[in-house]
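Take a look at the structure below.
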Amino acid sequence: MAALLLAAAGNGFAEPAALPQQSLDARLRWVPADLGGGQVTLDGHSRLLLARSAAERARLHEVGLDFRDVYGVISAETSWVPRKGMGRNGVASHGLGQFEPATARAIGLRDPDNAVEAVHAAARLLREAATWSAQRIARLGLSPEQRAAKLREGVSIYYNLSTRARNGWSGLNTHRLPVETLRHIHNVRAGARQADRLNARLGGPRLQPLPAEIAVLPAAATAVRPARAVASRPSAPQPVGTIEWSGQGGHGPGAGRRSYVVWSDGTVQSHAGAKVPAGAIRWPRRGDS
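In the numbering used here, the protein residues as written are 2 to 290.
This is the structure in structure tokens:
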């Protein structure tokens, strides 16, 4: 992507994308997140401003990516709501980019909880990921659009998997990856499309269309099926136990004693004529041990 110039003032795009960190921090606007619980997120303009700056500084246009890819990976990681998470390896991850401490150190990220630092670090990692992905798919004979889509698959794989796990990717075996990684690929692309729509809505510059997404997930993994009521016939009540009660009054053997059957629907019936199943709970008569 060529270096982007932000459009006219009044749409909020008057300055170049690569702004100093202090200036960016001052311009970000935090708003309550839909998730509630006191969580906050960046508004749409702040997200684009930050993603553009990060993409510009990392020179992502040189490796076939742009700010929409930065936006997409943050959307996939945290939906732009900073938080503390936990990876599959049990290591805590932090901030908008969900960086583990070792990864943060490796890419020079001092404070993963700082939004400006984290998103710029994510862009640097995306550049590294795109270089790796391009090498993996170099000999596949892809068309330009296929290459653009496959390149982004590899970027998500690089971002999401360990070195050992991702090195098994050939560009042709994406479907064999863990479903969590496939979902990450899908979610990054969905986030990039969201950035595309947001850019258009806020009057940003006209952009090249994003490549068509290559389906990597079975429909069941992405579709939310509506709950459907299942009609069933109510089962007949069953005896679940007995109650035997002893009281005063009456004459002769068993005087004052009563037996009852307890049914599964909560009703109680005189024991006379009722069949109690073997093994049913029996409450003992008063005085029995």
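By construction, the Cβ of each residue, glycine as well, lies at the ideal position given by its N, Cα and C atoms.
Where residue 32 falls: helix, strand or coil (DSSP) = strand
inquiry  = Which of the three DSSP states is assigned to residue 96 in this structure?
reply    = coil
key: Anticipated Cβ contact below 8 angstroms, residue 1 with residue 114, distance rounded   = The first residue shown for the chain is 2 and the last is 290, placing residue 1 beyond what the model contains.
inquiry  = Once the 5 residues before and after residue 151 are set aside, which same chain residues still bring their CB inside 8 angstroms of it?
reply    = Answer for residue 151: 134, 138, 141, 143, 172 and 215, listed in chain order.
request  = Keeping to the same chain, check which residues put their C-beta closer than 6 angstroms to that of residue 68; ignore five residues upstream and five downstream.
outcome  = 52, 53 and 56
Residue 156 - DSSP class collapsed to helix/strand/coil = helix
Supposed close pair residue 22, residue 117 - CB separation, criterion 8 angstroms = That belief holds up - the Cβ atoms of residue 22 and residue 117 are roughly 5 angstroms apart, short of 8 angstroms.
query = Can you tell me where the alpha helix (DSSP H) with residue 175 in it begins and where it stops?
reply = Unbroken run through residue 175: none, as it is neither H nor E.
inquiry  = Rounding to the nearest angstrom, what Cα-Cα distance links residue 29 and residue 194 in this structure?
reply    = 22 angstroms
request  = List the DSSP bridge partners of residue 42.
outcome  = DSSP lists 32 as partners of residue 42.
ask   = Between residue 196 and the rest of its own chain, which residues show a CB-CB distance below 6 angstroms, the 5 nearest in sequence each way excluded?
value = 69 and 72
query = How many Å lie between residue 89 and residue 62 at the Cα?
reply = The alpha-carbon of residue 89 is positioned some 32 angstroms away from that of residue 62.
query = Which class does residue 205 belong to by DSSP, given the choice of helix, strand or coil?
reply = Coil at residue 205, not helix or strand.
ask   = Are there 16 or more other CB atoms within 10 angstroms of the CB of residue 177, so buried, or fewer, so exposed?
value = exposed
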